Every structure is written in structure tokens, then in C-alpha cells.
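Below is one structure, written out as C-alpha cells, with a few remarks after it.
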Amino acid sequence: MLTLREQLQHKPFRQWMAKTPNMKVQGHKPPWRLFVQRWDGGNWATADFMDYEQAYRYVAKHLKEFHDMALNNRREAFKPPIVRIAGVRLAYSPSPADYSHEWCGYCRRMTQFRFYISGKHPAMKNVQVDPSLKRCVICGVRHIFLHPYKLK
Ligand SMILES: [Zn+2]
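Note that this note's numbering has the sequence shown beginning at 172, numbered continuously upward.
Pasting the structure below:
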């Protein structure tokens with residue numbers, strides 16, 4: 172899977188990530204959940220942040236140290252940044268011809284969606300998940316739960 176570090180090599184995505192997003196959904200729990208994978212194929216550890224800037228600074232500081240990261244919003248899904256290529260507005264994709272990666276609106280990055288036939292997803296330890304539904308490999312959101320985004 173493309174790591175966050177690899178995706179941040181793309182300037183439009185890097186600029187978008189550096190901006191503090193406007194959240195529409197209110198809540199009491201910390202909205203930002205940082206997922207950290209120390210090595211390829213390892214477990215994802217999490218830490219919660221109230222504040223985007225604080226979480227983003229942590230990501231920037233440790234980007235080279237960890238294998239992969241995701242700065243996930245637990246409350247709402249975000250559309251990918253819009254890029255303009257030869258005058259055409261397109262949703263950001265690090266490699267448009269690569270269909271193995273899709274945008275996860277909660278993880279706010281390109282990720283992969285898979286079936287969990289064992290009924291266990293690492294991000295949802297105490298829950299039996301439906302093995303017939305594809306889920307984000309990082310946060311576990313169901314693929315069908317993500318609304319298709321419009322470019323406007
Ligand atoms: Zn996700």
C-alpha cells in the first residue's frame with residue numbers, strides 16, 4: 172500500500188493536508204485519531220487528538236520514523252483535494268491508473284479496501300464484522316458507507 176509519506180510527495184495533497192480542515196459535525200470526544208504503523212505489515216497503534224494542528228505537527232515530525240500513518244477524523248468523511256490537470260478538475264490520486272487504492276474520507280488519504288472473512292478487523296477489536304463487506308484496511312469503515320464524492 173502507498174504510505175502517507177509517499178502520498179505526501181504530491182504537492183497538492185501536501186498543501187491540502189497542511190491546512191486545518193473545517194469540521195461540520197460536533198462532538199465531545201477528540202475528533203482526530205492518528206493511526207501509526209511502525210513497520211510494513213505491523214499493527215496500527217492509535218492516539219487521539221482534540222486539535223488538528225497538534226496532530227499534524229506530530230505527523231510531520233515523525234513521518235520518516237514510522238512506516239505509515241493516517242490522520243483520521245472519527246466524525247465525518249472528507250472529500251479528496253481537487254487538482255487541476257490541463258484545465259480539468261480531478262479528485263487527487265497519487266497514481267490515477269492504479270485502481271488498487273481508493274480515497275477513504277475518514278482516513279483522509281488513499282488506502283485499500285478489503286474483505287475481512289475472519290470477521291475480525293484490527294481497528295475494531297471487540298466487534299464481529301460482516302465478512303461480505305469491504306472495509307478500509309486502516310480505520311475499518313465500510314466501503315459502501317462512503318458516499319461517492321462530487322467534484323463541485
Ligand atoms: Zn479509513
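Each residue gets a CB set at the ideal place from its N, CA and C atoms; glycine is no exception. Quick caveat: nothing in here was measured; it's all calculated off a predicted structure.
| query | So is A226 buried or exposed if we call it buried at 16+ other beta carbons inside 10 Å? | reply | Classification of A226: buried, given that the 10 Å Cβ count is 16 or more.
| field | Continuous beta strand (DSSP E) assignments of at least 3 residues falling wholly in the region 232 to 319 | value | The region 232 to 319 contains these whole beta strand (DSSP E) runs: 239 to 244, 253 to 256, 259 to 262, 273 to 275, 280 to 282, 284 to 286, 305 to 307.
| field | Own chain, CB closer than 8 Å to V254, minus 5 neighbours either side, in chain order | value | Cβ within range, chain order: P183, R260, L261, A262, Y263.
| query | In the structure shown, what three-state DSSP assignment does Q208 receive? | reply | When DSSP states are grouped into helix, strand and coil, Q208 belongs to the strand group.
| task | Tell me where the alpha helix (DSSP H) around L175 begins and ends. | result | Start and end: 175 to 178.
| Just to confirm, are N243 and P202 a CB contact at a threshold of 7 Å? | Contact flag unset, no.
| Unbroken alpha helix (DSSP H) run spanning M188, endpoints | Run containing M188: 182 to 189, per the alpha helix (DSSP H) assignment.
| request: Output yes or no for whether 7 Å exceeds the beta carbon distance between P302 and G290. | output: Going by beta carbons, P302 and G290 fall inside the 7 Å limit.
| query | Does ligand 1 have even one heavy atom less than 6 Å from the beta-carbon of Y277? | reply | For ligand 1, at least one heavy atom lies less than 6 Å from the Cβ of Y277.
| task | Please list, in chain order, all residues of the same chain as F237 whose beta carbon is under 8 Å from its beta carbon, the five residues on each side excluded. | result | Contacts found: V207, Q208, R209.
| Would you say P265 and M281 are within 7 Å of each other, going by their C-beta atoms? | For the pair P265 and M281, the CB atoms are nearer than the 7 Å cut-off.
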